[in-house]
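Heads up: the structure comes next, in structure tokens.
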Amino acid sequence: MKKEISGYWMFMCNPNKWEIDRFLESGVLEDTYSISDFHKDHFHQGQLGIIRVGKDARSKKMLGESQRLLPGVYAVVRVLSEPELLVSEKKDFWIDRDESLKPRFRVRLEYLSTHLEDPLLLDDLKESSVMENDPLLIAGIQASTYPISKASFDLLISMLHEHQQSSEGSFLDIDDEQEYSEGQQYYKQHVMRERNPKLMKEAKALFIRQHGRLYCEVCKYNFEDHFGDRGRDFIEGHHSKYVSELAPGEGTKITDIVMLCPNCHRMIHRKPRISFENLKALYR
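Here the sequence shown stands for residues 1 to 284, numbered as in UniProt numbering.
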């Protein structure tokens with residue numbers, strides 16, 4: 001039975017060929033990814049997907065000081081381009097460099113959230129509806145890419161969000177910044193640079209060095225003052241430059257991130273959207 005093309009994709013990753021752990025640790029937010037040739041007419045800009053890691057068969061020598069990865073979902077991505085016949089851009093993460101030089105149909109991906117420290121393990125999906133809707137997401141398939149249903153994608157996002165709520169980084173910040181048509185469906189998504197856990201950790205550390213503690217830069221609320229140890233280091237990061245304001249290829253700057261409590265963070269995203277400076281001026 002032919003699988004329906006939904007606009008949501010599973011990108012298969014074999015760490016024995018491409019070391020995704022090293023890639024995610026690097027903090028790179030964009031890269032090209034090879035796709036199955038028979039899918040080249042079905043990929044389009046704005047589509048979404050997940051990076052699925054299978055069995056990590058690397059030897060102890062290949063692993064070095066790295067931990068062996070467990071099978072699971074390690075990233076959420078967005079397609080930025082139509083397929084092109086290309087060689088790999090980031091060759092340093094390939095175990096076999098010759099493999100990276102082979103022209104293949106590839107799409108450019110933006111990494112919306114990464115989960116190296118808290119992946120959604122395939123074992124945790126076996127009792128979910130994914131098993132019924134997309135069994136190959138769990139069982140695997142000999143292909144670079146495979147379509148998954150919107151229902152499965154939405155469930156994965158929900159489960160990843162539950163994982164991420166207790167972590168250092170922030171997850172996808174969803175609002176009305178961009179709207180991508182998926183047939184009759186609309187996926188509204190504000191792709192914030194604050195999604196990167198490594199970046200957020202560095203931004204928090206810089207703020208503590210400068211101010212001695214973490215607090216909301218609008219209302220000055222400090223969670224540790226009110227909740228003790230439970231509130232220590234609890235804050236949300238907001239990138240003051242929206243995606244629509246970034247120049248092509250413009251990178252993320254730690255100094256562009258401001259610290260906000262959840263209430264002020266939601267106020268800044270409420271329609272009509274306002275700037276951090278304007279929100280500070282409104283607060284009284």
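Heads up, the beta-carbon is just placed ideally off N, CA and C, and yes, glycines get one too.
Residues that DSSP places opposite residue i in a beta bridge
i	result
ILE268	ILE268 is not bridged to any residue.
CYS216	In DSSP, CYS216 forms no bridge with anything.
ILE257	HIS239
Exposure label - residue i; buried when at least 16 CB within 10 Å
i	result
TYR74	buried
SER34	buried
ALA203	buried
THR114	buried
ALA228	The identity of residue 228 in the sequence shown is Gly, whereas the question assumes Ala. By the neighbour-count rule (16 or more Cβ atoms within 10 Å), GLY228 is not buried but exposed.
ASP145	According to the sequence shown, residue 145 is Thr rather than Asp. Result: buried.
ASP176	Low local confidence applies: a pLDDT of 35 at ASP176 is under 50, so the model's placement there is unreliable, and no value is given.
ARG52	buried
LEU206	exposed
GLY64	exposed
ARG213	exposed
ASP21	buried
Residue i versus residue j: straight-line alpha-carbon distance, rounded
i	j	result
ASN16	ALA281	53 Å
PHE284	LYS271	Here residue 284 is Arg; the residue named in the question, Phe, does not match the sequence. Roughly 20 Å separates the two Cα atoms.
ILE157	ASP124	14 Å
HIS269	GLU19	36 Å
ASP266	LEU279	For the sequence presented, residue 266 should be read as Arg rather than Asp. Using only the alpha carbons, I get a separation of about 11 Å.
GLY140	ILE274	44 Å
ILE5	HIS39	9 Å
PRO135	LYS126	9 Å
VAL79	LEU86	15 Å
ILE148	LEU137	8 Å
PRO83	GLU224	49 Å
GLU25	LEU70	16 Å
HIS238	GLU30	20 Å
residue 286	MET159	Any property of residue 286 remains undetermined from this structure, which presents the chain solely from 1 to 284.
GLY231	ARG209	18 Å
TYR8	ASP92	28 Å
HIS161	SER88	30 Å
LEU155	PHE23	25 Å
GLU117	GLU277	34 Å
CYS264	ILE235	11 Å
THR255	MET200	11 Å
PHE171	GLY72	Bear in mind that the predicted position of PHE171 carries a pLDDT of just 41, short of 50, making it too unreliable to give a figure here.
HIS190	GLY27	With a pLDDT of 37 at HIS190, under the threshold of 50, the modelled position of this residue cannot be trusted; read the value that follows with caution. Cα-Cα distance, rounded: 19 Å.
ALA143	GLN67	25 Å
LYS90	CYS13	15 Å
VAL130	ASP233	35 Å
SER128	HIS211	45 Å
SER240	LYS253	10 Å
residue 286	PHE153	Since the displayed the chain opens at 1 and closes at 284, residue 286 lies outside it and no answer follows.
ASN133	LYS55	22 Å
Residue i: CB within 7 Å of a non-hydrogen atom of the ligand PLP
i	result
PHE207	No copy of the ligand PLP appears in this structure; indeed no ligand is present at all.
Is there contact here, the region 201 to 217 with the region 254 to 274, by at least three beta-carbon pairs under 8 Å?
-> yes
Counting pairs of beta carbons, one from the region 101 to 108 and one from the region 119 to 137, are three or more of them closer than 8 Å?
-> no
Meets three-Cβ-pair contact criterion under 8 Å: the region 108 to 115 and the region 57 to 70 | no
Decide if the region 46 to 54 is in contact with the region 93 to 103; the criterion is three or more beta carbon pairs, one per stretch, under 8 Å apart.
-> no
At 3 residues or longer, and completely inside the UniProt domain "EVE" (8 to 159): list those beta strand (DSSP E) runs for me, N to C.
-> 8 to 13, 30 to 34, 48 to 53, 72 to 79, 84 to 86, 104 to 114, 145 to 148
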